[in-house]
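Sequence lines, in order, name chains A and B. Counting the first sequence from 1 gives a position; this note's numbering is that position plus 3. Counting the second sequence from 1 gives a position; this note's numbering is that position plus 152. Glycine included, each C-beta is placed from N, C-alpha and C at the ideal position. Please read the structure below before turning to the comments.
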Amino acid sequence: MVAKLKMPKLGMTMTFGTICKINHPAGDFVKAGEPIMEFETNKLSDKVAAPFDGYVKEILVELDDDVECGEPVCVFADQP
Amino acid sequence: MKKIYGNLAISQAIEEEMLRDDKVVLIGHDQGRYGGSFGVTQTVYDRFGSERVFDMPISEGGFTGLAVGAAITGLRPIMEVQFNDWITLAMDQLVNNGSILKYMTGGAISVPMVLRTNCGGYLAGAAQHSKMMESILAYFPGLKVVMGSTPADMKGLMKAAIRDNNPVICLEHKKLYAMRGEVTDDPAYIVPIGKADVKNPGTDVTIITYSYEVHMALRAAKELAEEGISVEVLDLRSIRPLDKDAILESVSKTGRALCLTEGYAPFSVMSEVSATIAETIPTVLKKPVVRLGAKDCPIPYSPVLEEFVLPSVESIKDAVRNLMSE
Chain A
4 MVAKLKMPKL GMTMTFGTIC KINHPAGDFV KAGEPIMEFE TNKLSDKVAA PFDGYVKEIL
64 VELDDDVECG EPVCVFADQP
Chain B
153 MKKIYGNLAI SQAIEEEMLR DDKVVLIGHD QGRYGGSFGV TQTVYDRFGS ERVFDMPISE
213 GGFTGLAVGA AITGLRPIME VQFNDWITLA MDQLVNNGSI LKYMTGGAIS VPMVLRTNCG
273 GYLAGAAQHS KMMESILAYF PGLKVVMGST PADMKGLMKA AIRDNNPVIC LEHKKLYAMR
333 GEVTDDPAYI VPIGKADVKN PGTDVTIITY SYEVHMALRA AKELAEEGIS VEVLDLRSIR
393 PLDKDAILES VSKTGRALCL TEGYAPFSVM SEVSATIAET IPTVLKKPVV RLGAKDCPIP
453 YSPVLEEFVL PSVESIKDAV RNLMSE
């Protein structure tokens, strides 16, 4: 199973999130619910979490990038 | 200079003034621990606590009266109405008390309060969360109305509003909360109320506008420059008092005026601006003044329909091209 994780839209005025921490580079195993990366907006901080136990296949963004809501940030899979 | 978000620029203004003057207090919905529904007051409660920050029940009429009363007794309240659409609920206290008491008491009573609220669309917020209420508010003598378009202007106007001895309404466009811009942390910095600002100099057409529409006008100006049309963008910043001198100076230079508003153009701020031009400098006009605003319709929830109803870069460019045509 392969999932493309996206920048969520949290609230009315959010149009993008700024990547402020990448917790796991490509190749890492991450448990379901644990953060793969963290982002900030003008109001909040939140994480992009692993949807299931699995492996980071590819990180599609860099630190400090402004990523529009709905744009992919990470490819995640249940197999290494 | 540091680049910060619009909502945090307003936050800085509020905190700087609360530090400077212990009479400044916050009143409104979710101002305290929650930090405001758009994160404008996200750090204020932690710094100043429950003696300076007051969360209110859902009763705008009630706590607007509270703010007017607090201002009369010597505090400098900053109150928030969570969306400007609901300022209708606060209107009685604003226009039957706040705006008139100084006059009715022969100057014995001042009402040094700020009413903050957000406005505007382009966010699929639907008809009860997307309106532009400035024209209604600017109608009343005794109220000042300001609308910054950049984080720096929003901060400077907020600070001027807090220091003003009259009721001032600060309308903050929701789109501007997440816009970054350079902002000074010099505590003496203010933007004086009543001064417009040329955001883009030009020679062929003046676009007179304010708030988020300034950025639409700047985008149109950039694209029109490639067609050889030079557009001056005049940002009113202050709706009342209106900087008539700046309007007349710019239109005297270009001879063509597009009065652009996100609100409805009929019976509006832009009706006032066009009348000012027509009454004062009719002979400089190379073409009649044009107003452009939202179509006569409640603001739709559907993003497709909302885009159709509100001014767009394309509709602004078309209006400017028409002004330039023979």
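Under the three-state DSSP convention, the category residue i falls into
{"i": "Tyr186 of chain B", "result": "coil"}
{"i": "Thr355 of chain B", "result": "coil"}
{"i": "Leu227 of chain B", "result": "coil"}
{"i": "Asp258 of chain B", "result": "According to the sequence displayed, residue 258 of chain B carries Gly and not Asp. Coil at Gly258 of chain B, not helix or strand."}
{"i": "Asp49 of chain A", "result": "strand"}
{"i": "Ala330 of chain B", "result": "coil"}
{"i": "Tyr197 of chain B", "result": "helix"}
{"i": "Phe292 of chain B", "result": "coil"}
{"i": "Gly415 of chain B", "result": "strand"}
{"i": "Gly214 of chain B", "result": "helix"}
{"i": "Gly14 of chain A", "result": "coil"}
{"i": "Val298 of chain B", "result": "strand"}
{"i": "Ala242 of chain B", "result": "helix"}
{"i": "Val403 of chain B", "result": "helix"}
{"i": "Val247 of chain B", "result": "helix"}
{"i": "Val263 of chain B", "result": "coil"}
{"i": "Leu437 of chain B", "result": "coil"}
{"i": "Leu66 of chain A", "result": "coil"}
{"i": "Gly398 of chain B", "result": "For clarity, residue 398 of chain B is Ala in the given sequence; the question names Gly instead. Reduced to three states, the DSSP call for Ala398 of chain B is helix."}
{"i": "Ala488 of chain B", "result": "Nothing about residue 488 of chain B can be read from this structure; chain B reaches only from 153 to 478."}
Opening and closing residue of the alpha helix (DSSP H) in which residue i lies
{"i": "Glu459 of chain B", "result": "455 to 461"}
{"i": "Pro303 of chain B", "result": "303 to 315"}
{"i": "Gly180 of chain B", "result": "Careful: Gly180 of chain B lies outside any alpha helix (DSSP H), inside the beta strand (DSSP E) at 176 to 180."}
{"i": "Ile429 of chain B", "result": "421 to 432"}
{"i": "Ala471 of chain B", "result": "465 to 476"}
{"i": "Met170 of chain B", "result": "158 to 172"}
Neighbour list for residue i in chain A, Cβ cutoff strictly below 9 Å
{"i": "Asn159 of chain B", "result": "Thr16, Asn45, Lys46"}
{"i": "Lys326 of chain B", "result": "Met15, Thr16"}
{"i": "Phe190 of chain B", "result": "Gly14, Met15, Thr16, Asn45, Lys46"}
First through last residue of the beta strand (DSSP E) which encompasses residue i
{"i": "Phe19 of chain A", "result": "19 to 25"}
{"i": "Asn270 of chain B", "result": "266 to 271"}
{"i": "Asp207 of chain B", "result": "205 to 207"}
{"i": "Ala80 of chain A", "result": "75 to 80"}
{"i": "Gly57 of chain A", "result": "57 to 62"}
{"i": "Arg408 of chain B", "result": "No beta strand (DSSP E) holds Arg408 of chain B; DSSP gives it neither H nor E."}
{"i": "Glu37 of chain A", "result": "It is not in any beta strand (DSSP E) - Glu37 of chain A carries neither H nor E in the DSSP assignment."}
{"i": "His325 of chain B", "result": "320 to 325"}
{"i": "Glu71 of chain A", "result": "69 to 71"}
{"i": "Lys7 of chain A", "result": "5 to 9"}
{"i": "Ala29 of chain A", "result": "No beta strand (DSSP E) contains Ala29 of chain A, which DSSP labels as neither H nor E."}
{"i": "Gly191 of chain B", "result": "Looking at the DSSP string, Gly191 of chain B is not in any beta strand (DSSP E), and its letter there is neither H nor E."}
{"i": "Gly346 of chain B", "result": "Run containing Gly346 of chain B: none; DSSP gives neither H nor E here."}
{"i": "Gly277 of chain B", "result": "Premise fails: Gly277 of chain B is in no beta strand (DSSP E) and is neither H nor E."}
Interface residues of chain A facing residue i [CB-CB closer than 7 Å]
{"i": "Tyr329 of chain B", "result": "Thr16, Asn45"}
{"i": "Phe206 of chain B", "result": "Within 7 Å Cβ-Cβ: nothing; Phe206 of chain B doesn't reach chain A, min ~21 Å."}
{"i": "Leu275 of chain B", "result": "Met15, Thr16"}
Supposed close pair residue i, residue j - CB separation, criterion 8 Å
{"i": "Val436 of chain B", "j": "Gly407 of chain B", "result": "5 Å"}
{"i": "Ser423 of chain B", "j": "Val298 of chain B", "result": "Contact flag wrong, Cβ pair sits at about 19 Å."}
{"i": "Glu212 of chain B", "j": "Leu241 of chain B", "result": "4 Å"}
{"i": "Tyr157 of chain B", "j": "Tyr362 of chain B", "result": "So it is not a contact: roughly 20 Å between Cβ atoms."}
{"i": "Glu414 of chain B", "j": "Glu365 of chain B", "result": "5 Å"}
{"i": "Thr428 of chain B", "j": "Ile399 of chain B", "result": "6 Å"}
{"i": "Met285 of chain B", "j": "Ile239 of chain B", "result": "5 Å"}
{"i": "Ala80 of chain A", "j": "Val5 of chain A", "result": "5 Å"}
{"i": "Thr269 of chain B", "j": "Asn236 of chain B", "result": "4 Å"}
{"i": "Leu386 of chain B", "j": "Ala417 of chain B", "result": "In fact, because the Cβ distance is near 17 Å, the residues do not count as touching under 8 Å."}
Worksheet entry | Runs of beta strand (DSSP E) wholly within the stretch 352 to 396 of chain B (minimum 3 residues, chain order) | 357 to 361, 383 to 387, 390 to 392
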